[in-house]
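Report on the following structure.
Protein chains: 2
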Amino acid sequence: MPLTRRDFAKLGALGLAARLAPELMAQPAERQIGYAIVGLGRIAEHFMAATRSTTNSKVTALVSGHRDKALRIAAQYGVPESSVYNYENFDSIASNKAVDAVYVALPNSMHAEYTIRAAKAGKHVLCEKPMATSVADCEQMIAACKSAGVKLMIAYRCHYEPIHLKAVSLIRSGALGQVEAIESSFGFPIDPGEWRLDKKLAGGGPLMDVGIYCLNATRYLTGEEPESFAAFSSVIDRDGRFAQVEENLTWTTKFPSGIVASCNTTYGSLLLGYFKVHGSKGSIECSPAFNYDGVRLHGEFDDAVIDETSTAKDPYQFQNEAEHFSQCIQNGLEPKTPGEEGLRDIKYIAEIYRAAGVSA
Amino acid sequence: MPLTRRDFAKLGALGLAARLAPELMAQPAERQIGYAIVGLGRIAEHFMAATRSTTNSKVTALVSGHRDKALRIAAQYGVPESSVYNYENFDSIASNKAVDAVYVALPNSMHAEYTIRAAKAGKHVLCEKPMATSVADCEQMIAACKSAGVKLMIAYRCHYEPIHLKAVSLIRSGALGQVEAIESSFGFPIDPGEWRLDKKLAGGGPLMDVGIYCLNATRYLTGEEPESFAAFSSVIDRDGRFAQVEENLTWTTKFPSGIVASCNTTYGSLLLGYFKVHGSKGSIECSPAFNYDGVRLHGEFDDAVIDETSTAKDPYQFQNEAEHFSQCIQNGLEPKTPGEEGLRDIKYIAEIYRAAGVSA
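Line by line, the protein sequences give chains A and B. 345 is the number that the numbering used here gives to position 345 of the first sequence; each next residue is one higher, with no gaps. Throughout, the numbering used here is defined as the position within the second sequence, counted from one, plus 1000.
Structure follows, in structure tokens:
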């Protein structure tokens, strides 16, 4: 029977603590979940740094096509050279006991392959959003993880962000009365040459990349699934950046309760991500909503005003995400944002593109 | 030959001013334009109060179904009892030399009838927005004013609001680079029993009443005419308020240049009207945008930040509007917001309702 700190305090009171102390200390802390990081780009850097602030997660392997870069990072995180993989020998990770889970941070179109290969290697999978570039890929990822008996979580960091959770909880508590309308937008001016502009890798333009935050927000804010979409897309800048994907996309949604939402996403402008929720008794605005830190929530209700800015610093959102997935693995729980959640957004994104007349 | 102040100063220098002074004083100041106010509701109160701050406009007649109320207001504005009309004897206003123009501030569906009757009486017409409840009515209003040789202006107060004009001028100057996306929303929780909920009088719900500000803003901000619309409408509150008109309406627009816009309007929530314009080099946000005062513009560009709040007090927007129309009448100029501008919005509103599946 493991001893808790409370038990230990009691024993102390009985003068027994000193005798039992060595045994107590020897009890292992809950084992940390070891992550193999697949793809060592910007977002992976946030995630790896975040694991250092967790008590239950650590980086134990790296997977990259750039061995030099991988070895440099391996040194920083105490990852042995034997745990640095490339895309060819990735499957041999199956025998690496230090790896419990794989964090997939590759370009969108590669999520499916590496999720499925990780599942076949018996590893749990935390996969970045968007889950994949097609509904079929999402379904195969879910099936592969199910059949391998491993967990699959999509890295929707806002589901683990306290200000977003507060917004949801305010809405559910009725503080806003009946929600009527939502607005949410997010965009940034993209640099030429980014893989995000390559349709084969990205699967789409700003909707896949940042508009998905707005789409997902309208769903968790309402707690409903969209009934239908209407949309337009456009390309303005004829500088070659947008030969394959849309530059701007605007869409509206109707939810079963009658709540309506209007959203914009763009690769042509710095559009600080935000959402606004308008209810019969009050409104909230979260702006910036989707930044890595500094998230601010302002609300005005019948009887109160709230104004709260997150003081937590990047990469706290990745920390929360890692901690949650590790806890799910440790305790056999289902993640709050499983593959099915990612699949839903990919289905809706396909519907939005269809409504905008964008071919798949 | 009329003498100017400058001439008078010269004469004074020559010692002749004293002898000529009585003649000079007798020269009439530019004649004020006399307005008959048709409908004495809330918005008419703003307009009437505003005329007092102008040098070129005054209230010279009232038209109302409530004679007691009309006589009370007549006393406030020095309008003789003989210039207080009702809806039956309104046409006899033709012979009232003190009336140059009519300000139509009736429920939407009555705009056409009173604009046309005013035109037939030989009076210029300043008509509140929305211009009318159908395209056919708008066309008849334009034709009636043209055939009577009178001017027709639609009271789009934001076209005469300096902060809005500054936003337009910033955009045209290229400060934002290429505009990519716009968001604009406006709404309020409507009280039961308002004529605005009666489809026969209002012609529609919040889109006709306040959404029109967003629609119109997307047009003057871009300087373009919308190419197409997609929309959803809904009714949530089943308390009988929305038996005839929509409660919520969300729409998206695409402009010929590729600029996209997303908009919301509602009668179910206090949705402080705003617009945001996102360009390749910067963004502006105007919020509140459509209030009677306190209009605020915030902008962030490559090389500058602007933050400006209007210090002018209500009813300055109505004052600017009245002054503009009176100047047009005095100088034979075309108003900045003629009937054709109102007609365009009514055409677009019909398209939005069609896209939302709302029957006319």
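Glycine residues also receive a C-beta, built at the ideal position from the N, C-alpha and C atoms.
Close Cβ partners of residue 315 of chain A (< 6 Å) along its chain, the five nearest in sequence each way excluded | Non-local beta-carbon contacts of residue 315 of chain A in its own chain, meaning distances under 6 Å to residues more than five positions away in sequence, involve 46, 49, 50 in chain order.
Using a beta-carbon distance below 9 Å, is residue 250 of chain A in contact with chain B?
-> yes
Of all the beta strand (DSSP E) runs that stay within the bounds of the stretch 84-141 of chain A, which reach a length of 3 or more residues?
-> Runs found: 101-104, 124-127.
In chain A, which residues lie less than 8 Å from residue 1247 of chain B when you measure between Cβ atoms?
-> 180, 258
From what residue to what residue does the alpha helix (DSSP H) around residue 1046 of chain B run?
-> 1042-1051
What span of residues does the beta strand (DSSP E) with residue 308 of chain A cover, start to end?
-> 305-309 is the span of the beta strand (DSSP E), which, as asked, contains residue 308 of chain A.
In angstroms with no decimal places, state the Cα-to-Cα distance between residue 1116 of chain B and residue 1139 of chain B.
-> 11 Å
Starting from the beta carbon of residue 183 of chain A, find every residue of chain B whose beta carbon is closer than 8 Å, and list them in chain order.
-> Residues of chain B whose Cβ lies closer than 8 Å to the Cβ of residue 183 of chain A are, in chain order, 1183, 1185, 1262, 1264.
Using the beta-carbon of each residue, which ones in chain B are nearer than 8 Å to residue 189 of chain A?
-> 1280
Establish whether the CB of residue 232 of chain A and some CB of chain B are separated by less than 9 Å.
-> yes
So, is the C-beta of residue 1168 of chain B closer than 9 Å to a C-beta in chain A?
-> no
What separation, rounded to the nearest whole angstrom, lies between the Cα atoms of residue 358 of chain A and residue 137 of chain A?
-> Counting only the Cα atoms, residue 137 of chain A lies some 19 Å from residue 358 of chain A.
Which whole runs of the beta strand (DSSP E) in the stretch 1284-1348 of chain B are 3 residues long or more, in chain order?
-> DSSP assignment within the stretch 1284-1348 of chain B yields the following whole beta strand (DSSP E) runs of 3 residues or more, N-terminal first: 1296-1301, 1305-1309.
For residue 233 of chain A, three-class secondary structure by DSSP = strand
Selection of the stretch 1204-1235 of chain B by Cβ proximity to chain A, strictly under 8 Å | Of all residues in the stretch 1204-1235 of chain B, only 1228, 1230, 1231, 1232, 1233, 1234, 1235 come within less than 8 Å of chain A when Cβ atoms are compared, listed by chain position.
Helix or strand or just coil, what does DSSP make of residue 169 of chain A?
-> Helix at residue 169 of chain A.
Does the beta-carbon of residue 319 of chain A have 16 or more other beta-carbons within 10 angstroms, so that it is buried, or is it exposed?
-> buried
Does DSSP classify residue 264 of chain A as helix, strand or coil?
-> strand
What is the residue span of the beta strand (DSSP E) that residue 417 of chain A lies within?
-> Here chain A covers residues 1 to 360 and nothing more, so residue 417 of chain A does not appear.
Residue range of the unbroken beta strand (DSSP E) whose run includes residue 1248 of chain B | It spans 1248-1254 - the beta strand (DSSP E) in which residue 1248 of chain B sits, taken as one unbroken run.
Which residues of chain B have a Cβ atom closer than 9 Å to the Cβ of residue 283 of chain A, listed in chain order?
-> 1269, 1270, 1271, 1272
Could you spell out the range, first to last residue, of the alpha helix (DSSP H) harbouring residue 1074 of chain B?
-> 1067-1077
Which same chain residues, not among the five before or five after residue 1356 of chain B, have their C-beta less than 8 Å away from its C-beta?
-> 1231, 1232, 1233, 1246, 1249, 1251
Mapping DSSP to helix, strand and coil, what is residue 1179 of chain B?
-> strand
9 Å Cβ cutoff, residue 406 of chain A in contact with chain B | Chain A is shown only over 1 to 360; residue 406 of chain A falls outside these bounds and no answer can be derived.
Which residues share a DSSP beta bridge with residue 1357 of chain B?
-> Beta-bridge pairing links residue 1357 of chain B to no other residue.
Output yes or no for whether 9 Å exceeds the beta carbon distance between residue 344 of chain A and residue 225 of chain A.
-> yes
Just the chain B side, please: which residues come within less than 7 Å of residue 361 of chain A by C-beta, in chain order?
-> No answer is possible for residue 361 of chain A: the residues shown for chain A start at 1 and end at 360.
What three-state label does DSSP hand residue 257 of chain A in the structure shown?
-> coil
Measure how close the beta-carbons of residue 1187 of chain B and residue 1206 of chain B come, nearest whole angstrom, since I'm counting them as under 8 Å.
-> Between residue 1206 of chain B and residue 1187 of chain B the Cβ distance is about 6 Å, and since that is below 8 Å, they are a contact.
Using only alpha-carbon positions, find the residue among B:1087, B:1056, B:1128, B:1212 that is nearest to residue 1348 of chain B.
-> Selected option, being the one with the closest Cα: B:1212.
Cα separation between residue 150 of chain A and residue 309 of chain A?
-> If you draw a straight line from the Cα of residue 150 of chain A to the Cα of residue 309 of chain A, it comes to about 37 Å.
For residue 175 of chain A, the nearest candidate out of A:83, A:167, A:182 (CA to CA) = Ranking the options by Cα distance to residue 175 of chain A, first place goes to A:167.
Determine the closest residue to residue 1376 of chain B out of B:1153, B:1291, B:1123, with distance taken between C-alpha atoms.
-> Given that chain B is displayed from residue 1001 to residue 1360, the structure contains no residue 1376 of chain B and the question cannot be resolved.
When the cut-off is 9 Å and only beta carbons count, does residue 355 of chain A lie next to chain B?
-> yes
Should residue 75 of chain A be labelled buried (16 or more other beta-carbon atoms within 10 Å of its own) or exposed?
-> exposed
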